[in-house]
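In my numbering, the protein residues as written are 198 to 514. So the structure is just underneath, and the comments pick up after that.
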Ligand code: TXA
Ligand code: MG
């Protein structure tokens, strides 16, 4: 598969490719997405091919206008309404019952559909001009860390997609929080920037899906796959070791300063910064031929829960 990938700064130009059935990568505040027209099953099939994505993993549907959710969902129940009112547009996906117009290839045969309205202004402008909602997973090759800047997208998918809409790096850096509103009580399927504490202010009976607990069986189909992985092996620690025990080619990322011996080290000033730089750091380590990345687990609160989740997944748990 090889085609010319047009790189553009124009949301309108990118929309043109999408409306003609093409594949378009676009920036969002969480990570970059790879979009296709949700009502064009042939175009959506192209997403799975371009990414090498397993076909039993459903896609999130993106819209600019929450008032248009009815184009893909058959029902917006009370918890969904509350979450949408409070957090849309933003880094949250709600899983709703789908309507019959959503092709099976989008929902991987499930009776539900994940819906999200990104707050990123370039994404909003792009989506506003698209004729239909846009099905989009993260714009990485399957299994690789999600891309948080356009260069990472180009590295993975250049020559495999029609258009790359270039924007600023993603400000959050981790994928959206996912809440399954069709479950009773609603279930947190994936942690993200909107933390459990904030969600529970709106949906007090929210429960943690077992997929949010490392090692348990997946509720969200995508949770069973090894994810977010750099080439290097990952070592998770609750606190920095005194030195990296002469391990060759070792790197460090965490809230604490790098221990002695790290040849690449990133000390983040806050959990938010940790989230923003994590996937880019994994990619930098791969480019530098790092063999082991030591990652410090942040406290399990707010976005820290999402960072821990991605670290456990990257480590293969
Ligand atoms: O922030 C994000 O969510 C980014 C940007 C591009 O919006 N997208 C993203 O998509 O992370 P993806 O495909 O990499 O991850 C989507 C996750 C997968 O784990 C998938 O299984 C789950 O969402 N998912 C999608 N539809 C679902 C559904 N109907 N029920 C349960 N899980 C669903
Ligand atoms: Mg992904």
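Positions of the beta carbon are idealized from the N, C-alpha and C atoms, including for glycine. Keep in mind that this is a model prediction, so the values were computed, not measured.
Hey, would you say residue i sits closer than 8 Å to residue j, going by beta carbons?
i: residue 303; j: residue 259; result: no
i: residue 291; j: residue 307; result: no
i: residue 378; j: residue 215; result: no
i: residue 361; j: residue 347; result: yes
i: residue 202; j: residue 211; result: no
i: residue 483; j: residue 429; result: yes
i: residue 200; j: residue 356; result: yes
i: residue 234; j: residue 213; result: no
i: residue 230; j: residue 349; result: no
i: residue 522; j: residue 493; result: Absent from the model: residue 522. The displayed extent of the chain is 198 to 514, so no value can be given.
i: residue 208; j: residue 351; result: no
i: residue 162; j: residue 254; result: Because the chain spans 198 through 514 in this model, residue 162 falls outside it and cannot be assessed.
i: residue 505; j: residue 497; result: yes
Here's a check: name, in chain order, each residue in its chain whose Cβ is nearer than 7 Å to the Cβ of residue i, leaving out the five neighbours to either side.
i: residue 485; result: 461
i: residue 373; result: 227, 288, 289, 290, 313 and 389
i: residue 249; result: 338 and 339
i: residue 284; result: 391
i: residue 237; result: 218
i: residue 459; result: 441, 447, 448 and 449
i: residue 263; result: 281, 285 and 314
i: residue 243; result: 220 and 233
i: residue 366; result: 345 and 346
i: residue 245; result: 252
i: residue 380; result: none
i: residue 309; result: 292, 293, 294, 295 and 379
In its own chain, which residues sit with a C-beta less than 8 Å from the C-beta of residue i, not counting the 5 before and 5 after it?
i: residue 465; result: 450, 451, 452, 471 and 474
i: residue 363; result: 204, 205, 206, 224 and 347
i: residue 335; result: 228, 229, 230, 231, 343, 344 and 372
i: residue 266; result: 260, 273, 281, 293 and 312
i: residue 435; result: 493 and 494
Apart from the five residues on each side of it in sequence, which residues of its chain come closer than 6 Å, Cβ to Cβ, to residue i?
i: residue 402; result: 382
i: residue 396; result: 403
i: residue 225; result: 315, 317 and 320
i: residue 368; result: 226
i: residue 468; result: 495, 500 and 501
i: residue 257; result: 290, 311 and 313
i: residue 329; result: 234, 235 and 236
i: residue 490; result: 429, 431, 448 and 482
i: residue 240; result: 218, 233 and 234
i: residue 384; result: 377, 404 and 406
i: residue 488; result: 429 and 446
i: residue 325; result: 261
Hey, does residue i have any beta-carbon neighbour from chain D nearer than 8 Å?
i: residue 367; result: Among the chains of the structure shown, chain D does not appear; only one protein chain is present.
Pull up the CB-CB distance for residue i and residue j, whole angstroms please, since I reckon it's below 8 Å.
i: residue 477; j: residue 345; result: 5 Å
i: residue 480; j: residue 371; result: At roughly 14 Å, the Cβ-Cβ gap does not stay under 8 Å, so residue 480 and residue 371 are not in contact.
i: residue 400; j: residue 276; result: 5 Å
i: residue 187; j: residue 503; result: In the structure as shown, the chain begins at 198 and stops at 514. Residue 187 is therefore absent and cannot be evaluated.
i: residue 221; j: residue 269; result: Their Cβ separation, rounded to whole angstroms, is 18 Å, which puts residue 221 and residue 269 out of contact at 8 Å.
Let me know the beta strand (DSSP E) ranges lying completely inside the region 292 to 375, each 3 residues or longer, listed in chain order. Whole beta strand (DSSP E) segments, 3+ residues: 309 to 313, 331 to 333 and 360 to 362.
Using the beta carbon as the reference atom, which residues fall closer than 6 Å to any heavy atom of ligand 2, ordered along the chain? Chain-ordered list of matching residues: 334, 335 and 343.
Extract the residue ranges of the beta strand (DSSP E) inside the region 211 to 240, only unbroken runs of 3 or more that lie entirely within it. 221 to 223 and 230 to 234
For the region 427 to 504, list the beta strand (DSSP E) runs that are entirely contained and at least 3 residues long, ordered along the chain. Within the region 427 to 504, the beta strand (DSSP E) runs of at least 3 residues that lie entirely inside it are, in chain order, 430 to 434, 447 to 451, 461 to 464 and 489 to 493.
Every unbroken alpha helix (DSSP H) within the region 246 to 283, with a cutoff of 4 residues, ordered by chain: none
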